[in-house]
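Heads up, the sequence shown is in the working numbering, so the first residue is 38 and it goes up one at a time. Every residue gets a Cβ at the ideal spot worked out from N, C-alpha and C, and that includes glycine. This one's a predicted model, so the numbers in the text were calculated from it and none came from an experiment. Written below as structure tokens is the structure these notes are about.
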Amino acid sequence: MTGPVTAPAPVEAQPQAASTWVLLRGLSRESGHWGDFPRLLLRKIREQQPGAQLILLDLPGNGMLHRQTSPSEVPAMVEACRSQVARLGIKGPVHVLAMSLGAMVASDWIARYPKEVCAGVLINTSLRPFSPFYRRLRPLNYFTLLMLSLSRLGYRQREAKVLRMTTRLLPRPEEVLDHWVSLQRERPVGVRNTMRQLLAAARYEATRRRPAAPILLLCSKADRLVDWRCSQAISRAWGAPLRLHEHAGHDLPLDDAPWVAQAVADWLKMRRMQGLDHGEWH
Numbered sequence: 038m039t040g041p042v043t044a045p046a047p048v049e050a051q052p053q054a055a056s057t058w059v060l061l062r063g064l065s066r067e068s069g070h071w072g073d074f075p076r077l078l079l080r081k082i083r084e085q086q087p088g089a090q091l092i093l094l095d096l097p098g099n100g101m102l103h104r105q106t107s108p109s110e111v112p113a114m115v116e117a118c119r120s121q122v123a124r125l126g127i128k129g130p131v132h133v134l135a136m137s138l139g140a141m142v143a144s145d146w147i148a149r150y151p152k153e154v155c156a157g158v159l160i161n162t163s164l165r166p167f168s169p170f171y172r173r174l175r176p177l178n179y180f181t182l183l184m185l186s187l188s189r190l191g192y193r194q195r196e197a198k199v200l201r202m203t204t205r206l207l208p209r210p211e212e213v214l215d216h217w218v219s220l221q222r223e224r225p226v227g228v229r230n231t232m233r234q235l236l237a238a239a240r241y242e243a244t245r246r247r248p249a250a251p252i253l254l255l256c257s258k259a260d261r262l263v264d265w266r267c268s269q270a271i272s273r274a275w276g277a278p279l280r281l282h283e284h285a286g287h288d289l290p291l292d293d294a295p296w297v298a299q300a301v302a303d304w305l306k307m308r309r310m311q312g313l314d315h316g317e318w319h
């Protein structure tokens, strides 16, 4: 298989699999921004969960849903994701892998509908009340992202600046930039929707109680948008395992997709060796 995956749609969709994984991106990003990561992830997951499938969803206002109004609250985003999953005919609890704002959505989904999510992988996220605002949403960089959405710069200039802010390890950034520009031309994210998503991220507050579903936290020490210590704080509060990448930027799955896929596979293998069922903490 070559080329990016278009969502919302299953990757190598099969009859109802033993495990279904839902992937969610972050602020003003869509499923097309995953690049080749889903295919690599699927191969590694199937080493531990044969027959697993991936579902790539977009938050309202992004991607295939770019004409919709973005909710200004995370719980409303959860309801949108639940509706998409239901329309796809997915039954039974799902695994959710999500980053940044998407990880906030995943956290709220698990908290409010514990029977619907059996495990979560949260990447480079931040949650109130575990970290202060200046670490959760580094003000200068998020202000820069907002101003980029308001600027009159062309798609390529804007996306190039976002790419530099969110990645550090890309071997061929121009290829990624070409793809991002194409996505923006086909499915542009409006300024109003970007602001509403920022508002949702800023106002969301997670429960202090450990989620019913087991959680794996992945983060990047070189993340310029969200301080890696936010993931560390969540790990300490919930007793969730944490894997730290020393050099990647905010878009960890794009910077080092093999590392992320292997980290998830290692976690699944460890859980299997420990005899843990879906939805069971260590």
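For residue i, which residues from the same chain have a beta carbon less than 8 Å from its beta carbon, with the 5 sequence-adjacent residues on both sides left out?
i    : result
P41  : Per-residue confidence for P41 stands at a pLDDT of 37, beneath the threshold of 50, marking its modelled position as unreliable; no derived number is given.
Y241 : E110, V111, M141, D145, L164, R165
K81  : A298, Q299, V301, A302
Below 8 Å between beta carbons: does that hold for residue i and residue j?
i    : j    : result
L60  : L96  : no
L289 : N161 : yes
R222 : S107 : no
P278 : L253 : yes
L125 : I92  : yes
L214 : R193 : yes
C155 : H282 : no
Taking residue i and residue j to be in contact with their CB atoms under 8 Å, please state how far apart those CB atoms are, rounded to whole angstroms.
i    : j    : result
H103 : T57  : Incorrect: roughly 25 Å between the Cβ atoms, too far for contact.
S137 : V263 : 7 Å
V142 : M101 : No, V142 and M101 are not in contact; Cβ-Cβ is about 16 Å, not under 8 Å.
A243 : A148 : 7 Å
E153 : P251 : The Cβ separation is near 15 Å, so there is no contact.
R309 : Q85  : 6 Å
R229 : W275 : Going by Cβ atoms, the distance from R229 to W275 rounds to 34 Å, so no, they are not a contact pair.
A294 : L77  : 5 Å
M202 : R266 : Actually they do not touch by this definition, with Cβ atoms about 19 Å apart.
P210 : L200 : 6 Å
E67  : L220 : 6 Å
Got a sec? Which residues, its chain only, sit under 7 Å from residue i by beta carbon, not counting five neighbours each side?
i    : result
R205 : A259, H284, A285, G286, D292
E212 : none
P151 : A249, A250
Just to confirm my understanding: we take residue i, look at its own chain, exclude 5 residues before and 5 after, and list those with CB closer than 6 Å. What are they?
i    : result
A117 : P97
G139 : L61, R62, G63
G157 : V133, A143, I147, A250, I252
M307 : none
R280 : L255, A300
R224 : G100, H103
R83  : A89
V218 : Y192, R193, E196
Original post:
What are the uninterrupted segments assigned as beta strand (DSSP E) that are 3 or more residues long and contained completely in the stretch 243-318, given in chain order?
Top reply: 252-257, 279-282
**OP:** Only counting runs of 4 or more residues, tell me where the alpha helix (DSSP H) segments fall wholly within the stretch 53-97, in order along the chain.
**Re:** 74-85
Subject >> Complete runs of the alpha helix (DSSP H) confined to the stretch 187-232 [at least 4 residues] >> reply: 192-203, 210-223
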